[in-house]
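Note sheet for the following structure.
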Amino acid sequence: MVPNYRFSARLHYVSSKNDYPPEKCSITFTEGHPDILNAVYNYTHRLDPNTDLNYTQRAEALKFFVHFIGDLHQPLHLTGRFRGGTAAYALFEGRKASLHSIWDSRILLKRINELQQNASSASDYYEESVDYEPYINHIITMMSKTWRLQKKSWVTCAQEMVQSSAESDQLPFHGDDMEMNAPIPPMSPIACASYWSQYVNKLNCEFVWDGFEKGKELGEGDYYNRIRESYLIEKLLGMAGYRMAAVLNALFVE
1 MVPNYRFSAR
11 LHYVSSKNDY
21 PPEKCSITFT
31 EGHPDILNAV
41 YNYTHRLDPN
51 TDLNYTQRAE
61 ALKFFVHFIG
71 DLHQPLHLTG
81 RFRGGTAAYA
91 LFEGRKASLH
101 SIWDSRILLK
111 RINELQQNAS
121 SASDYYEESV
131 DYEPYINHII
141 TMMSKTWRLQ
151 KKSWVTCAQE
161 MVQSSAESDQ
171 LPFHGDDMEM
181 NAPIPPMSPI
191 ACASYWSQYV
201 NKLNCEFVWD
211 GFEKGKELGE
221 GDYYNRIRES
231 YLIEKLLGMA
241 GYRMAAVLNA
251 LFVE
């Protein structure tokens, strides 16, 4: 990790006290805590053109915002069990891998291969050689057809959360011009991370940890088939992109 960004290590995850999937999935927003929920709120605020931040600072905020919105839609970033799955190991297409890496990339690569009817396995398919465009177009098509009626709800936020977030103060998480404990203006409810995270967190109980066993093959059978048949990976990617675009439009489109 680049030394100047060591402060961001804690911002990629959130761990809640009563969360232990698959027995119980729970996520708690703690205002000002250095975690992914607060980070999304913070960098949404730092992107706002009405702030007095300069171009470089806002460009940095955009990079963080895009990254954290992506992380927010990977279920293992929203649970502390086995360090978000980084310390839980299984097999995927015959190769040992952490549960976190399986959900970060292995399942995605396998889904891309299946869409393109590629004979190679995800284990032999390097990310640098992947043609993502057909898969992206596939997701866009599903959003315009399969999830056409659902997607409007993806960018809503519970009214009580909008009110509470608009009334609260937020702490910044950046390392360039302010101390970690310096207050900034109220966090923006435009990106409702605490509300959006509830659905993704529950997937740890419904999919990610349900059926997981140490050393078990997860690239086939019931575990993988449920993911494939529900189009879960595609839906999460669609949600992330749609929400990201909605936040940026709210900030920059007049």
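Take the sequence shown: its position 145, counted from the start at 1, is 145 in the UniProt record's numbering, and no numbers get skipped.
Ideal Cβ placement from N, Cα and C applies to all residues, glycine included.
Quick one: grab the DSSP three-state call for residue i.
i: lysine 235; result: helix
i: lysine 63; result: helix
i: tyrosine 13; result: coil
i: glutamate 206; result: helix
i: glutamate 217; result: strand
i: glutamine 74; result: coil
i: methionine 161; result: Here the model assigns methionine 161 a pLDDT of 42, short of 50, so the residue's position is not dependable, and the following value carries that caveat. Three-state DSSP puts methionine 161 in a helix.
i: phenylalanine 7; result: helix
i: valine 253; result: coil
i: alanine 191; result: coil
i: phenylalanine 212; result: coil
i: isoleucine 184; result: Low confidence applies to isoleucine 184: its pLDDT is 39, below 50, so where it sits in the model is not reliable enough to give any reading.
i: glycine 80; result: coil
May I have the straight-line CA-CA distance separating residue i from residue j, to the nearest angstrom?
i: glycine 80; j: aspartate 104; result: 16 Å
i: glutamate 31; j: asparagine 38; result: 7 Å
i: phenylalanine 212; j: threonine 56; result: 43 Å
i: glutamate 229; j: threonine 51; result: 44 Å
i: proline 172; j: glycine 94; result: Bear in mind that the predicted position of proline 172 carries a pLDDT of just 40, short of 50, making it unreliable; the figure below should be weighed with that in mind. Answer to the nearest angstrom: the Cα atoms are 43 Å apart.
i: alanine 240; j: glycine 70; result: 6 Å
i: valine 155; j: isoleucine 136; result: 20 Å
i: leucine 47; j: lysine 110; result: 35 Å
i: isoleucine 112; j: arginine 58; result: 33 Å
i: isoleucine 139; j: tyrosine 132; result: 11 Å
i: arginine 6; j: arginine 148; result: 40 Å
i: tryptophan 196; j: cysteine 157; result: 8 Å
i: glutamine 117; j: proline 34; result: 42 Å
i: glutamate 217; j: alanine 97; result: 10 Å
Quick one: is residue i buried, meaning 16 or more other Cβ sit within 10 Å of its Cβ, or exposed?
i: alanine 90; result: buried
i: glutamine 74; result: buried
i: valine 200; result: buried
i: glutamate 234; result: buried
i: phenylalanine 29; result: buried
i: aspartate 222; result: exposed
i: asparagine 42; result: buried
i: serine 144; result: exposed
i: serine 153; result: exposed
i: valine 40; result: buried
i: leucine 62; result: exposed
Check whether the Cβ of residue i lies closer than 8 Å to any heavy atom of the ligand SAM, and answer yes or no.
i: leucine 91; result: In the structure shown, the ligand SAM is absent, as is every other ligand, since no ligand is present at all.
Let me know the beta strand (DSSP E) ranges lying completely inside the stretch 82-157, each 3 residues or longer, listed in chain order.
The qualifying runs are 89-92, 95-98.
**Asked** Does the count of Cβ pairs from the stretch 196-213 and the stretch 19-33 closer than 8 Å reach three?
**Response** The answer is yes - the stretch 19-33 touches the stretch 196-213, with three or more Cβ pairs under 8 Å.
### Query
Curious, which full-length alpha helix (DSSP H) runs of at least 4 residues does the stretch 11-55 contain?
Listed in chain order, the alpha helix (DSSP H) runs fully inside the stretch 11-55 are 36-47, counting runs of at least 4 residues.
Does the stretch 59-78 come into contact with the stretch 6-18, if we say contact requires no fewer than three beta-carbon pairs (one atom in each stretch) closer than 8 Å? They touch, by the three-pair rule.
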